[in-house]
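First comes the structure, then the notes that go with it.
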Amino acid sequence: AQTVTQSQPEMSVQEAETVTLSCTYDTSESDYYLFWYKQPPSRQMILVIRQEAYKQQNATENRFSVNFQKAAKSFSLKISDSQLGDAAMYFCAYRQGAQKLVFGQGTRLTINP
Amino acid sequence: ETGVTQSPTHLIKTRGQQVTLRCSSQSGHNTVSWYQQALGQGPQFIFQYYREEENGRGNFPPRFSGLQFPNYSSELNVNALELDDSALYLCASSLPDSYEQYFGPGTRLTVT
Numbered sequence: 114a115q116t117v118t119q120s121q122p123e124m125s126v127q128e129a130e131t132v133t134l135s136c137t138y139d140t141s142e143s144d145y146y147l148f149w150y151k152q153p154p155s156r157q158m159i160l161v162i163r164q165e166a167y168k169q170q171n172a173t174e175n176r177f178s179v180n181f182q183k184a185a186k187s188f189s190l191k192i193s194d195s196q197l198g199d200a201a202m203y204f205c206a207y208r209q210g211a212q213k214l215v216f217g218q219g220t221r222l223t224i225n226p
Numbered sequence: 082e083t084g085v086t087q088s089p090t091h092l093i094k095t096r097g098q099q100v101t102l103r104c105s106s107q108s109g110h111n112t113v114s115w116y117q118q119a120l121g122q123g124p125q126f127i128f129q130y131y132r133e134e135e136n137g138r139g140n141f142p143p144r145f146s147g148l149q150f151p152n153y154s155s156e157l158n159v160n161a162l163e164l165d166d167s168a169l170y171l172c173a174s175s176l177p178d179s180y181e182q183y184f185g186p187g188t189r190l191t192v193t
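Note that the protein sequences, when read in sequence, are chains A and B. Counting from 114, one number per residue, gives the positions in the first sequence under my numbering. Counting from 82, one number per residue, gives the positions in the second sequence under my numbering.
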């Protein structure tokens with residue numbers, strides 16, 4: 114079974130600085146998707162960024178980028194120029210095809226002004 | 082375009098009771114997935130519905146059941162509630178071959 118592990122329960126960063134959240138996963142499949150979701154106190158899960166496993170190029174969305182290491186089964190999220198609104202729980206997730214999302218335990222990110 | 086909505090927002094039930102949670106999918110989305118998120122944990126997949134049929138199920142007992150209606154809205158039913166069923170229940174809708182699931186705001190269920 115696929116598993117997703119986030120080893121950092123909590124992280125904090127100064128406003129305007131850069132922070133990296135870690136994620137590792139386990140799968141025997143070669144074709145899959147990886148995601149980072151943000152869950153603010155409002156509880157609604159918001160997609161931050163996705164990566165298709167067949168793409169070697171790391172995904173980037175404005176201040177958010179990933180470091181995808183397929184052989185190492187590692188998928189970290191880098192947030193540049195951190196803003197107060199980035200404070201939230203961040204979940205790494207795996208999906209194969211149109212099936213279920215498998216989530217990690219989450220990392221609580223605090224932004225210090 | 083209307084997003085995913087869920088009702089009710091909060092719910093308090095007693096152990097042994099039954100509960101029904103509702104989800105309206107995003108316009109045009111015919112696939113609905115349900116997740117259970119215990120406090121401090123990541124969401125766990127309960128089941129998925131596609132065109133009114135169950136299309137995948139996670140490691141949840143049969144007392145967790147669901148329905149999907151012709152308009153693609155969905156219900157999650159939980160019988161014989163247990164204290165451990167206390168959680169945030171998330172609904173997500175998607176198109177069948179789309180990578181992205183759109184989540185609703187969730188229903189917070191408390192079992193006492």
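The beta-carbon is built from N, C-alpha and C at its ideal position, and this holds for glycine as well.
Rounded straight-line distance, which links the Cα of residue j to that of residue i
i	j	result
residue 186/B	residue 141/A	33 Å
residue 201/A	residue 155/A	10 Å
residue 138/B	residue 206/A	17 Å
residue 179/A	residue 159/A	16 Å
residue 137/A	residue 186/A	6 Å
Per-residue burial, residue i [other beta carbons within 10 Å of its own, 16 or more giving buried]
i	result
residue 208/A	buried
residue 165/B	exposed
residue 175/B	buried
residue 129/A	exposed
residue 151/A	buried
residue 213/A	buried
residue 177/B	exposed
residue 188/A	buried
residue 173/B	buried
residue 134/A	buried
residue 97/B	exposed
Within chain B, the residues that residue i reaches when beta carbons sit closer than 9 Å
i	result
residue 204/A	123, 124
residue 214/A	114, 116, 124, 126, 173, 182
residue 218/A	121, 122, 123
CB contact check: residue i to chain B, cutoff 8 Å
i	result
residue 151/A	no
residue 160/A	yes
residue 176/A	no
8 Å Cβ cut-off: residues of chain B touching residue i
i	result
residue 146/A	180
is_contact[residue i, chain A] using C-beta, thresh 8 Å
i	result
residue 186/B	yes
residue 129/B	yes
residue 139/B	yes
Within chain A, the residues that residue i reaches when beta carbons sit closer than 9 Å
i	result
residue 169/B	156
**OP:** Kindly confirm or deny that the region 105-116 of chain B and the region 128-142 of chain B touch, where touching means at least three C-beta pairs closer than 8 Å.
**Re:** The region 105-116 of chain B makes contact with the region 128-142 of chain B, as at least three CB pairs between them are under 8 Å.
Original post:
Counting pairs of Cβ atoms below 8 Å between the region 161-181 of chain A and the region 82-91 of chain B, do you hit three or more?
Top reply: Under the 8 Å Cβ criterion, the region 161-181 of chain A does not count as touching the region 82-91 of chain B, having fewer than three qualifying pairs.
**OP:** Count the CB pairs spanning the region 190-200 of chain A and the region 148-164 of chain B that are closer than 8 Å, and state whether there are at least three.
**Re:** The region 190-200 of chain A and the region 148-164 of chain B do not touch, with fewer than 3 CB-CB distances between them shorter than 8 Å.
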